[in-house]
Amino acid sequence: MKAIVLEQFGSIDNLQFKELPVPQPQAGELLIKVVFAAVNPYDRKVVEVFGKEAGVQLPVVLGSELSGIVEATGEGVTGFKPGDAVCGNLGTFGGCYAEYAVVKQTDVVVKPAAVSFETAAAAPVAALTASKAILDEGGLKAGEKIVIHGASGGIGAMAVQLAKAAGAHVTATASGKNEARIKALGADVFIDYTTQDFTTLIKDADLVLDTVGGKTQEDSFIILKKGGRLISLVQPPSKEKAAQYEVQAKMIFGGPNAGRLEKVMQQLAEGRLKVTVEKVYVLSDAKEALLAMKNGHRTGKLLLNP
Ligand SMILES: NC(=O)c1ccc[n+]([C@@H]2O[C@H](COP(=O)([O-])OP(=O)(O)OC[C@H]3O[C@@H](n4cnc5c(N)ncnc54)[C@H](OP(=O)(O)O)[C@@H]3O)[C@@H](O)[C@H]2O)c1
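All letters in the sequence shown, in the order written, are residues 4 to 309 by the working numbering.
In structure tokens:
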């Protein structure tokens, strides 16, 4: 099978489009024929920024979310059979940038017929990370004020919808070209960070979701009310600032959660959640997709089609 393989950390130029043997499913695993794999910022960061510290053993096939068709099942698999359409978030480098991937049966769910393969590949990481961040760790309640930084991104756009559905008042920050799309997803207030200073426009927020980091994260302490919460997906917030402003602040990580993914697929099937796909690349153009991701300012998810 064809796959995108990393043999050396440092640059996305090190990625190779190679022929590999089709992996075989072990007990509790499924062999999936990949229909789409999604490209995430983390894929590039492991290659170019985190390297060995991410705990990834080389060589490795990139990609942590996919949609596809079950080709074969390992011993002890229940609930899936060859021919089933499935999708999932497999966690760090689950081998999705390939024609075939082996996945744990506990990491994937059956794709509803009403959800396209594109949507099913684009939603898992964003939906599971956003819901863990704002609902589980952030404890968002109806009537609270949430600020979502990077609302134009994969995670942010999902967080806007989940926060609105939870009954919160949603303020979204992103660049201006995204305003109509993000308001249509449920943002009550949109702030264009390229022309406006959010610290002068927001006060007494209950919860901030930070998908940007740096100065955006630092300035977010100013807009929280006492006892408020800051959840970052990109860098650990300052403990000193949290104490100074009397707020709780932490960085969290998403990950597989099949129980919740089933509900997400249902919400997508019923049109209660939406995912935007910006572009589909062929598998051999994975470097180009990762470069587009690195350059930023995406307007939707990027997918690979083997
Ligand atoms: N901790 C975890 O488990 C976890 C899981 C998934 C992702 N992440 C991380 O979360 C981050 C977001 O992921 P993603 O997939 O949503 O990325 P993404 O699709 O690239 O979205 C990031 C968005 O932020 C916007 N942005 C950039 N600078 C901004 C600023 N100063 N203020 C407000 N918005 C700004 C960008 O677009 P515009 O500037 O054009 O508006 C972009 O659309 C990444 O760093 C990723 O690695 C962490």
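For every residue, glycine included, the Cβ atom is placed at its ideal position computed from N, Cα and C.
Can you tell me which of the three DSSP states residue i falls into?
i, result
"Val-52", "helix"
"Gly-71", "strand"
"Phe-177", "Phe is not the amino acid found at residue 177; the sequence shown has Ala there. Ala-177: strand per DSSP, three-state reduction."
"Glu-121", "helix"
"Tyr-45", "helix"
"Asn-398", "Nothing can be reported for residue 398, as the shown portion of the chain is limited to 4 through 309."
"Glu-102", "coil"
"Gly-231", "strand"
"Gly-91", "strand"
"Glu-32", "strand"
"Gln-251", "strand"
"Val-3", "Past the boundaries of the shown model lies residue 3; the chain is included only from 4 to 309, so the question cannot be answered."
"Leu-307", "strand"
"Leu-293", "helix"
"Phe-96", "coil"
"Glu-22", "strand"
"Leu-212", "strand"
"Val-59", "coil"
"Lys-144", "coil"
"Asp-288", "helix"
"Val-113", "strand"
"Val-237", "coil"
"Lys-277", "coil"
Distance check for residue j and residue i, CA to CA, integer angstroms please.
i, j, result
"Val-63", "Phe-201", "41 Å"
"Val-38", "Lys-290", "18 Å"
"Gly-31", "Tyr-100", "21 Å"
"Ala-162", "Val-285", "28 Å"
"Gln-11", "Asn-17", "6 Å"
"Lys-36", "Ala-168", "34 Å"
"Pro-239", "Met-254", "5 Å"
"Pro-85", "Thr-76", "7 Å"
"Glu-56", "Gln-19", "21 Å"
"Thr-198", "Lys-218", "15 Å"
"Lys-14", "Gly-230", "According to the sequence displayed, residue 14 carries Ser and not Lys. Whole-angstrom Cα-Cα distance: 42 Å."
"Asp-209", "Glu-22", "51 Å"
"Asp-110", "Met-296", "25 Å"
"Thr-81", "Val-211", "40 Å"
"Leu-65", "Gly-97", "7 Å"
"Gly-94", "Lys-180", "31 Å"
"Glu-273", "Glu-243", "44 Å"
"Ser-241", "Lys-228", "17 Å"
"Pro-259", "Gly-170", "25 Å"
"Thr-214", "Val-52", "17 Å"
"Gly-79", "Leu-34", "14 Å"
"Lys-186", "Gln-27", "45 Å"
Taking the continuous alpha helix (DSSP H) assigned at residue i, which residues delimit it?
i, result
"Ser-223", "217-226"
"Met-4", "From DSSP, Met-4 is part of no alpha helix (DSSP H); its letter is neither H nor E."
"Ala-129", "127-134"
"Leu-165", "157-168"
"Ile-1", "Because the chain in this structure spans residues 4 to 309, residue 1 falls outside the shown range and cannot be described."
Quick one: give me the first and last residue of the beta strand (DSSP E) that residue i is part of.
i, result
"Asn-17", "Per DSSP, Asn-17 belongs to no beta strand (DSSP E) and is neither H nor E."
"Ile-315", "With the chain represented from 4 up to 309, any question about residue 315 goes unanswered, as that position is not in the structure."
"Tyr-284", "280-285"
"Ile-205", "No beta strand (DSSP E) holds Ile-205; DSSP gives it neither H nor E."
"Ile-137", "Unbroken run through Ile-137: none, as it is neither H nor E."
"Val-192", "192-195"
"Val-80", "No beta strand (DSSP E) holds Val-80; DSSP gives it neither H nor E."
Mind checking whether the beta-carbon of residue i lies closer than 7 Å to any heavy atom of ligand 3?
i, result
"Thr-122", "Ligands in the displayed structure: ligand 1; ligand 3 is not one of them."
Answer with yes or no whether the minimum CB distance from residue i to chain D is below 8 Å.
i, result
"Thr-279", "Of the protein chains in this structure there is only one, and it is not chain D."
Review point. Counting Cβ pairs closer than 8 Å, one from the region 245-254 and one from the region 263-270, do we hit at least three?
Key: no
Check your understanding: Counting pairs of beta carbons, one from the region 55-75 and one from the region 133-142, are three or more of them closer than 8 Å?
Key -> no
Exercise for review: Could you tell me whether the region 181-196 touches the region 93-111, using the rule of 3 or more Cβ pairs below 8 Å?
Suggested key: no
Practice item. Please determine if the region 116-128 and the region 138-155 are in contact, where contact requires at least 3 C-beta pairs separated by less than 8 Å. Key: no
**Study point:** Cβ pair count under 8 Å reaching 3, the region 138-151 against the region 225-235
**Key:** The region 138-151 is in contact with the region 225-235.
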